[in-house]
Amino acid sequence: MKFFSLTLTLMLTGILHGKCQEGVILLHGLCRSSSSMNSMERFLKAEGYTVLNVDYASRAHSVQDLAAKVIPAALHDPCFHDSERIHFVTHSLGGILVRNYFSSHQPGKLGRVVMLGPPNQGSEVVDQLKSWWLFKALNGPAGSELGTDFHSTPNSLGPVNFDLGVIAGDRSINWINSLWIRGPDDGKVSVERTKVMGMKAHRVIHTTHPFMMKNRAVLNETLAFLKNGTFCE
Numbered sequence: 000m001k002f003f004s005l006t007l008t009l010m011l012t013g014i015l016h017g018k019c020q021e022g023v024i025l026l027h028g029l030c031r032s033s034s035s036m037n038s039m040e041r042f043l044k045a046e047g048y049t050v051l052n053v054d055y056a057s058r059a060h061s062v063q064d065l066a067a068k069v070i071p072a073a074l075h076d077p078c079f080h081d082s083e084r085i086h087f088v089t090h091s092l093g094g095i096l097v098r099n100y101f102s103s104h105q106p107g108k109l110g111r112v113v114m115l116g117p118p119n120q121g122s123e124v125v126d127q128l129k130s131w132w133l134f135k136a137l138n139g140p141a142g143s144e145l146g147t148d149f150h151s152t153p154n155s156l157g158p159v160n161f162d163l164g165v166i167a168g169d170r171s172i173n174w175i176n177s178l179w180i181r182g183p184d185d186g187k188v189s190v191e192r193t194k195v196m197g198m199k200a201h202r203v204i205h206t207t208h209p210f211m212m213k214n215r216a217v218l219n220e221t222l223a224f225l226k227n228g229t230f231c232e
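Throughout the sequence shown, residue numbering follows numbering that gives the first Met the number 0, covering 0 to 232 in sequence.
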């Protein structure tokens, strides 16, 4: 009887904390690596999520090719065998990969998505620099797709069809980039251009684009949305 009670308690604890029930895929941004999402990975693992921190060659392919290579492989990773739902937490370009993929695929086991600093309407920085050979060399095909014009990749994807929370930063440490950006920005993307039709919630945190995924307030807001579909009150 004691063994049965202990087993039941452990099962209920696992369910309540999301262990073996919910997974999270982390996707880093352009010119970054999975190590940039290490703080988020540790934080969500401590909360009981199964976490896959994906490393992908962000500069090697177009947005569509990256989405097609990265997202199906992550969704079918063996670590999610017991996961009933799989969420995404993305930084910058990673969010555009998610939008691209699910614009033409059924959500399936997809849970909620939190995007950090996504160029959902593109970035004026790309408008200014995408014709420079050095920009192309450093940022690859995907980088040049992230402008603000009507035909840019982010602006061609349409509204999102999943539960999405967007976190934007309004602090910049790159004043040159910020000269090109209208309104409050994080040094790469304006607060306004992080928004997308169909999103469920939007939150602005006083943090910068390169470091927002390490910010304590961002971590807490991310967790709140994954759990409840809303940001903190």
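C-beta atoms are modelled at their ideal positions from N, C-alpha and C, and glycine is treated no differently. It should be emphasised that the depicted structure is a prediction, and the values quoted were computed from it without experimental measurement.
Query: Identity of the residue in Gly182, Ala141, Ile166 nearest proline 153 by Cα; Result: Ala141
Query: Contacts around valine 125, its chain only, beta-carbon distance under 6 angstroms, and the 5 residues preceding and following it disregarded; Result: Leu145, Gly146
Query: Extent of the continuous alpha helix (DSSP H) to which phenylalanine 101 belongs; Result: 92-101
Query: Collapsed DSSP secondary structure at serine 143 in the structure displayed; Result: helix
Query: Member of Arg170, Val97, Val53, Leu178 whose CA lies at the smallest distance from the CA of aspartate 234; Result: The displayed coordinates of the chain run from 0 to 232. Any statement about residue 234 would go beyond what the structure contains.
Query: Burial state of asparagine 227, where buried means 16 or more other Cβ atoms lie within 10 Å; Result: exposed
Query: Inter-stretch contact (C-beta, 8 angstroms, three-pair minimum) for the stretch 56-71 and the stretch 108-125; Result: no
Query: Identity of the residue in Asp64, Trp179, Met36, Ser82 nearest arginine 98 by Cα; Result: Asp64
Query: Alpha-carbon to alpha-carbon, valine 165 and glutamine 20; Result: 24 angstroms
Query: Paired residues, beta bridge with asparagine 52 - DSSP; Result: Leu25
Query: Close beta carbons around asparagine 219, own chain, < 8 angstroms, minus the five adjacent residues each side; Result: Cys231
Query: For serine 189, the three-state DSSP class (helix, strand or coil); Result: strand
Query: Neighbour-count burial assignment, aspartate 81, 16 or more Cβ in a 10 Å radius; Result: exposed
Query: Residue interval of the alpha helix (DSSP H) (run including arginine 202); Result: Here arginine 202 belongs to no alpha helix (DSSP H); instead the beta strand (DSSP E) covers 200-204.
Query: Buried versus exposed call for alanine 72 [16 or more other C-beta atoms within 10 Å across all chains shown]; Result: exposed
Query: Selection from Phe161, Lys44, Asp148 that minimises the alpha carbon distance to phenylalanine 198; Result: With the sequence shown as reference, residue 198 is identified as methionine, and phenylalanine is not the correct amino acid for it. When only C-alpha atoms are compared, the closest one is Phe161.
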